[in-house]
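Counting from 805, one number per residue, gives the positions in the sequence shown under our numbering.
Data first, discussion second: the structure below is written as structure tokens.
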Amino acid sequence: MTPASESRRADLQSALIRVAQQDREALRTVYAMTSAKLHGVCLRICTDRGAAEDVLQNVYLKVWQRAGSFDPAKASAIAWLCAIARNAAIDWRRSQRYEDPLPADLGETLVDETADPAADLAQAGERAQIFSCLEELEPVRATAIRAGFYQGLSYPEIAEAMDKPVGTVKSWIRRGLMQLKECLSREQ
């Protein structure tokens, strides 16, 4: 990590700690340092620019309310903020499921004549194998893979959250995927 990025990380952490003390200027600093990144997190999940902006506004409200729960020993400031943004965007997506009115002919389209219970069961078994094999990996590799594939984070985002160089994260994921492939071939 470069000295500049280390300094930026320390500045963000310091500002977030001041937000916990209800320092409005510190919240402005946190916003200026993170709004573009957090907007990207929200937009990736919401897929609608207007909704992502609304969610982002709620994210900073939550940051203002919950900054006292930030613990630098548990996570970096940006990882903590990204988690709040991701969860807020996911909550928004879930809420949208129930706002769309149901079409009148929904009952006619509910039956899936192509459904294959055996295939569904096989897919559930494969999913269980993947989770089992993930547990066999080194924790850092498993964490990096989960962040990339389940949380949708990019290599740089994972590297920043884990406080490691991007190349290291790429290596962990590549080696972890090779180990997963090997484990899955043994399981079958």
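Glycine included, every Cβ here is placed at the ideal spot set by N, Cα and C.
### Query
Measuring CB to CB, does Ala-787 end up less than 7 Å from Ala-965?
Because the chain spans 805 through 992 in this model, residue 787 falls outside it and cannot be assessed.
### Query
What span of residues does the alpha helix (DSSP H) with Phe-953 cover, start to end?
As a first step, residue 953 must be located in the sequence shown, where it is residue number 149. First-last of the alpha helix (DSSP H) with Phe-953: 943-953.
### Query
If Leu-981 sits next to Ile-934, beta carbons under 8 Å apart, how far is it from one beta carbon to the other, in whole angstroms?
On the sequence shown, residue 981 is found 177 positions in, with the first residue counted as 1. On the sequence shown, residue 934 is found 130 positions in, with the first residue counted as 1. With a Cβ gap of about 11 Å, Leu-981 and Ile-934 do not count as contacting.
### Query
Per DSSP, what kind of secondary structure is Asp-815 in: helix, strand or coil?
As a working mapping, residue 815 is identified with position 11 in the sequence shown. In the three-state reduction of the DSSP assignment, Asp-815 falls in the helix class.
### Query
Helix, strand or coil: which one does DSSP assign to Gly-929?
Looking up residue 929 in the sequence shown gives position 125. Helix, per DSSP.
### Task
Please report how far the alpha carbon of Gln-825 lies from the alpha carbon of Ala-893, in whole angstroms.
By one-based count along the sequence shown, residue 825 stands at place 21. By one-based count along the sequence shown, residue 893 stands at place 89. So the two alpha carbons sit approximately 26 Å from each other.
### Task
Quick one: grab the DSSP three-state call for Val-876.
Locating residue 876 in the sequence shown gives position 72, where the first residue counts as 1. In the sequence under discussion, the amino acid at residue 876 is Pro, which differs from the Val named in the question. Here Pro-876 sits in coil by DSSP.
### Query
Per DSSP, what kind of secondary structure is Lys-866 in: helix, strand or coil?
Numbered from its first residue, the sequence shown carries residue 866 at position 62. It is helical.
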